[in-house]
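Visitor: First to last, the sequence lines map onto chains P and S. Mapping the first sequence onto our numbering, position 84 (from 1) lands on 84, and the numbers just tick up by one. Just so we're on the same page, our numbering is the position in the second sequence counted from 1, plus 1000. This is the structure I have questions about; it appears just below.
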Amino acid sequence: MQISGAQMVIEALIAEGVDTVFGYPGGAIMNVYDEIYKQDKFQHILTRHEQAAVHAAEGYSKASGKVGVSMITSGPGFTNAVTGLADAYMDSIPLVVISGQVPMSLIGTDAFQEIDAVGISRSCTKHNYLVTDAKDLPRILKEAFYIARTGRPGPVHVDIPKDVTAQIAEFNYDVALDLETYKPHVKGNPRQIKKAMEAIAHAKRPLFYLGGGIINSNAAYEVRELVHTTGIPAVETFMARGTLSYDDDLLIGMLGMHGSYAANMAMSETDLVIALGARFDDRVTGKLSEFAKNAAVIHVDIDPASISKLVNANYPIVGDVKNVVTEMLKLTSLVDSSKYEPWRETIENFAELHPLTFHEDTENLKPQWVVKRVGELLGDDANISTDVGQHQMWAAQFYPFTRPRQFISSGGLGTMGFGFPAAMGVKAAVPEKTSINFTGDGSILMNCQELMTAVEKKLPIINIILNNNFLGMVRQWQTLFYDKRHSETDLSVQPDFVKLAEAFGGIGYRVSTKEEFDAALKEAVERNIVAFIDVKVERFENVMPMVPSGGSLFNMMLLEKKESK
Amino acid sequence: MTDNTERRVVSVIVVNEASVLSRITDLFSGRGYNITSLTVAPIPDSKYSRLTIVTSGSVRVIEQITKQLHKLIPVLRVYEHADLVEKEMALVKFPITENISDISAICNAYNGKIVNVGNDVIITMIADEPKRVDHYLQAIKKYNPKEIVRSGAVALER
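Set out below in structure tokens:
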């Protein structure tokens, strides 16, 4: 059929099964927005900032497993969205972000709201396109969705000049893709898989190192089976939280800079690292030369460039984690799980020596208590998103995650302002679960305008602000490594968060005791509208344990031991 | 990056489309890899172009370069050459007052010749292995070259 470029965008989104688009209109994308107005196949959620539109699409994608879609205009609309693209790129989140561009005839003339969008997005997307003819649009959009969700997922940016959205051309979406140069390697090499399983069988102290790739490839339940049949203990990265349930006996905990003592020690003592969809990030490994020093490495990853990038892999397996783990499950008879009993005991001793905990030794609430309490009250019924900073680490450490896609946070890029818009995306994708956003008094101001979106679209996100009147994580580093010179991190001057929420039509609570917190959370859940719970917490609490940047995993700063009250 | 760095020639076959060259060079600059030289031209009768990139780095870096290149969507193939024929061209402009027969003889030794003679200058062309191009440029120094252009290497696997 002969339709306009703008109509093609709509038809393509419908054909891809998109039910929600997050965006913000503007001059160059108006033709497409005109078609959005005329259709009723998908909902459009108008965020109040383009960055939030992309973060919301990320949250939607992470919670649902589908490709997230965001739409923005040219120039500042696009540049506002760049942080979202970069965030999705670092965390391998499949997105299609469509931006308007000035008409073809004006490109290169420094036209109003013109910027070289594909030039900017090139280094923070999996792929990008500048569409120069409407006849290419169906193919490009189809490729964009395909590239975003296959292989190592990632954001794809499609930049469409305004005249191309007006141009009439033939639309046919039922054409087979012909991407000769893009063929992701999904199936692992069977011989390598066999060798890896033999290495596992021979190891004395093997350790699963579970990464975010497991969540992306929907492999958590296969991984759970592999862990349980082999009886091999597991550590999770920040991005993999929820792969194993928090109460799984074989889950040691999160490893890395703020990982548990037992997890980091297990990684330091293991003789065989079984890395599944993990990329040996510097926040995980600490000092590379000391990381899992005496261990051989099995590395399963969809991205060949992740393998042996930082740590040499003795058993490299390029493939989709789900596919490879399914194959590994067929060979578990090689493995005798009772053999690892002494190793499991060693790890239990680590955990008993320095359990992951905190002291309730101040009058003020401890932020960790708040996280734990939400876990006790809501547990599996909530999806958890976070911003970036101390609260994020406490959420990762202390929330009792029970399932994959329950924890949505900005890992690789570490984007403050991610949590609230992401939570809106999560809620749009999974409305039956309560959406909690743990945030800080610093982060929440970096996208608080989304109160308006959440009120308008009835997305009852409960933002729990762990308020220490500090840019807490930076303050922690300043305390520990900069001789307590708290340069520009004191946030004593701050808004009235209750009034702020109310000004937008949400609800706000200010709490400083356990009873007040319980009451506020209970009411916020019941009232089912967007809420800020401003929790006054202990100002100088540090995230512990901590591996100082560049230090070895086994050299942790630990929580001071105290008799628990 | 304390490991030994070595010189490597990498050939990349890419789809001939807008901004593909930027994708390659952005990758190098963004990840801190070196480009010593880069040549690019379309492959006749195909929709592809061939880039020849001379780079340097440790074994791990070179491995990353080839893997990261592979990840780019329009990249069809990446060859990390071990056994190859590698040639580079150099054009040099000399004042006509220099000893032309000497210059001509040196060019001969490096697969070259005088390709242009003007009123004030002559231009020579040679094509040889990059190392030998270095030697040549050393040898002709005393003839006061006015301008030197090197093409960057092209290479084929043996």
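Glycine is no exception: its CB is placed at the ideal position from the N, C-alpha and C atoms.
Pull out every residue of the stretch 1022-1050 of chain S whose Cβ sits closer than 7 Å to any Cβ of chain P, in chain order.
Guide: S1022, R1023, D1026, G1030
Visitor: So with Cβ pairs under 8 Å, would you call S:E1063 a contact of chain P?
Guide: Numbered from 1 along the second sequence, position 63 holds the residue referred to as residue 1063 of chain S. So yes, S:E1063 belongs to the interface.
Visitor: Since S:I1073 meets chain P, which of its residues come closer than 7 Å, beta carbon to beta carbon?
Guide: As a working note, residue 1073 of chain S is residue 73 in the second sequence. Near S:I1073 (Cβ distances below 7 Å), the residues of chain P are H127, I147, T181, Y182.
Visitor: Rounding to the nearest angstrom, what Cα-Cα distance links P:F358 and P:I274 in this structure?
Guide: Residue 358 of chain P sits at position 358 when you count from the first residue of the first sequence. Residue 274 of chain P sits at position 274 when you count from the first residue of the first sequence. Approximately 30 Å between the Cα atoms of the pair.
Visitor: If you draw a straight line from the alpha carbon of P:G414 to that of P:K499, how long is it in whole angstroms?
Guide: Reading the first sequence from its first residue, position 414 is the one you call residue 414 of chain P. Reading the first sequence from its first residue, position 499 is the one you call residue 499 of chain P. Whole-angstrom Cα-Cα distance: 28 Å.
Visitor: Tell me whether P:Q113 sits in a helix, a strand or coil according to DSSP, three-state version.
Guide: Locating residue 113 of chain P in the first sequence gives position 113, counting from the first residue. Three-state DSSP puts P:Q113 in coil, outside helix and strand.
Visitor: Is the beta carbon of S:T1025 sitting closer than 8 Å to the one on S:V1054?
Guide: The residue labelled residue 1025 of chain S in the question sits at position 25 within the second sequence. The residue labelled residue 1054 of chain S in the question sits at position 54 within the second sequence. No. Outside cutoff.
Visitor: What first and last residue would you give for the beta strand (DSSP E) that runs through P:M416?
Guide: The sequence position of residue 416 of chain P within the first sequence is 416, counting from 1. Unbroken run through P:M416: none, as it is neither H nor E.
Visitor: Only counting the same chain, and skipping five residues up and downstream in sequence, which positions put a Cβ closer than 6 Å to that of P:A295?
Guide: Counting from one through the first sequence, the residue named residue 295 of chain P turns up at place 295. Around P:A295: T270, D271, L272, V273.
Visitor: What are the partner residues of S:R1077, as DSSP defines its beta bridges?
Guide: Here residue 1077 of chain S refers to the residue found at position 77 when the second sequence is read from its first residue. The beta-bridge partner set that DSSP reports for S:R1077 consists of S:I1013.
Visitor: So for S:A1041, helix, strand or coil by DSSP?
Guide: In the second sequence, residue 1041 of chain S corresponds to position 41, counting from 1. Three-state DSSP puts S:A1041 in a strand.
Visitor: So with CB distances below 8 Å, who are the chain S contacts of P:S308?
Guide: Here residue 308 of chain P refers to the residue found at position 308 of the first sequence. Going along chain S in sequence order, the residues near P:S308 (Cβ under 8 Å) are R1060, E1063.
Visitor: Sort out for me which residues DSSP pairs P:F470 with in a bridge.
Guide: Here residue 470 of chain P refers to the residue found at position 470 when the first sequence is read from its first residue. DSSP, once it has assigned bridges, lists P:D490 as partnering P:F470.
Visitor: For a test of the three-state rule: what should DSSP assign to S:P1095, helix, strand or coil?
Guide: By 1-based counting over the second sequence, the position of residue 1095 of chain S is 95. Of the three classes helix, strand and coil, the one that applies to S:P1095 here is strand, per DSSP.
Visitor: Would P:A63 pass as a contact of P:I408 if the rule is Cβ separation under 8 Å?
Guide: The residue labelled residue 63 of chain P in the question sits at position 63 within the first sequence. The residue labelled residue 408 of chain P in the question sits at position 408 within the first sequence. Yes.
Visitor: Cβ closer than 7 Å: which chain P residues qualify as neighbours of S:Q1068?
Guide: Residue mapping note: residue 1068 of chain S aligns to position 68 of the second sequence, counting from 1. Within chain P, the residues near S:Q1068 are A305.
Visitor: Report yes if the CB atom of P:K514 is closer than 8 Å to the CB atom of P:L365, and no otherwise.
Guide: For the purposes of this step, residue 514 of chain P is identified with residue 514 of the first sequence, where counting begins at 1. For the purposes of this step, residue 365 of chain P is identified with residue 365 of the first sequence, where counting begins at 1. Yes. Within cutoff.
Visitor: Is there a Cβ from chain S that is less than 8 Å from the Cβ of P:S121?
Guide: Within the first sequence, the letter at position 121 stands for residue 121 of chain P. So, not an interface residue.
Visitor: Could you pull out every residue in the same chain whose Cβ sits closer than 8 Å to the Cβ of S:M1001, ignoring the five residues on either side in sequence?
Guide: Taking the second sequence and counting its residues from 1, the one referred to as residue 1001 of chain S is at position 1. Note that S:M1001 scores 44 on pLDDT, short of 50, meaning its location in the model is unreliable and no value can be drawn from it.
Visitor: Using 10 angstroms around the beta-carbon of S:N1144, count the other beta-carbons present and answer buried if the total reaches 16, otherwise exposed.
Guide: Position 144 of the second sequence, counted from the start, is the residue given in the question as residue 1144 of chain S. Burial call: exposed.
Visitor: Suppose the cutoff is 7 Å on Cβ atoms and the five residues either side in sequence are ignored; what does the same chain contact list for S:L1156 look like?
Guide: Numbered from its first residue, the second sequence carries residue 1156 of chain S at position 156. Only L1084, V1085 meet the Cβ criterion.
Visitor: So which residues of chain S does P:L130 contact, with C-beta pairs closer than 8 Å?
Guide: Along the first sequence, read from residue 1 onward, the residue named residue 130 of chain P stands at position 130. The answer, in chain order, is A1018, S1019.
Visitor: Near P:I140, what residues of its chain come up, given a Cβ to Cβ distance below 8 Å and the 5 sequence neighbours on each side ignored?
Guide: Reading the first sequence from its first residue, position 140 is the one you call residue 140 of chain P. Taken in chain order, the residues that qualify are Y129, V131, V158.
Visitor: Consult DSSP for P:S410 and reduce its assignment to one of helix, strand or coil.
Guide: Position 410 of the first sequence, counting from 1, holds the residue named residue 410 of chain P. Three-state DSSP puts P:S410 in coil, outside helix and strand.
Visitor: Should the stretch 227-238 of chain P be called in touch with the stretch 332-347 of chain P, which here means at least 3 C-beta pairs below 8 Å?
Guide: yes
Visitor: Taking Cβ positions only, does S:V1015 come closer than 8 Å to chain P?
Guide: The count along the second sequence starts at 1 and reaches residue 1015 of chain S at position 15. Answer yes: the Cβ-Cβ gap between S:V1015 and chain P drops below 8 Å somewhere.
Visitor: For P:V118, go through chain S and note every residue whose CB falls closer than 8 Å to its CB, in chain order.
Guide: Position 118 of the first sequence, counted from the start, is the residue given in the question as residue 118 of chain P. Within chain S, the residues near P:V118 are S1019.
Visitor: Here's the rule I'm using: 16 or more other beta-carbon atoms within 10 Å means buried, otherwise exposed. How should P:G417 be labelled?
Guide: Numbered from 1 along the first sequence, position 417 holds the residue referred to as residue 417 of chain P. When all chains shown are included, P:G417 counts as buried.
Visitor: Can you name the residues that DSSP bridges to P:P161?
Guide: For the purposes of this step, residue 161 of chain P is taken as residue 161 along the first sequence, with counting starting at 1. BP columns for P:P161 point to P:Q101.
Visitor: Which one of P:G108, P:S105, P:S61, P:L106 has the shortest CA to CA distance from P:V97?
Guide: Indexing the first sequence from 1 puts residue 97 of chain P at position 97. When C-alpha distances from P:V97 are compared across P:G108, P:S105, P:S61, P:L106, the shortest belongs to P:S61.
Visitor: Would S:L1076 pass as an interface residue toward chain P - the criterion being a Cβ-Cβ separation below 8 Å?
Guide: Position 76 of the second sequence, counting from 1, holds the residue named residue 1076 of chain S. At least one chain P Cβ lies under 8 Å of S:L1076.
Visitor: What does P:R403 pair with, by DSSP beta-bridge criteria?
Guide: Taking the first sequence and counting its residues from 1, one reaches residue 403 of chain P at position 403. Looking at the DSSP assignment, P:R403 forms no beta bridge with any residue, so it has no partner.
Visitor: When you compare the stretch 545-559 of chain P with the stretch 86-96 of chain P, are there three or more beta-carbon pairs, one atom per stretch, that lie closer than 8 Å?
Guide: Too few Cβ pairs lie closer than 8 Å, so no.
Visitor: Which whole-angstrom value is the C-beta distance of P:G28 and P:V102, which I expect to be below 8 Å?
Guide: Walking along the first sequence from the start, residue 28 of chain P turns up at place 28. Walking along the first sequence from the start, residue 102 of chain P turns up at place 102. The question names Gly, but residue 28 of chain P is Ala in the sequence shown. About 6 Å; that satisfies the 8 Å criterion.
Visitor: Based on the DSSP secondary-structure assignment, which residues constitute the bridge partners of P:S385?
Guide: Here residue 385 of chain P refers to the residue found at position 385 when the first sequence is read from its first residue. DSSP lists P:I408, P:N437 as partners of P:S385.
Visitor: How big is the Cα-Cα spacing for P:N216 and S:G1112?
Guide: Within the first sequence, numbered from 1, the residue matching residue 216 of chain P stands at position 216. Within the second sequence, numbered from 1, the residue matching residue 1112 of chain S stands at position 112. Going from the Cα of P:N216 to the Cα of S:G1112 covers about 58 Å.
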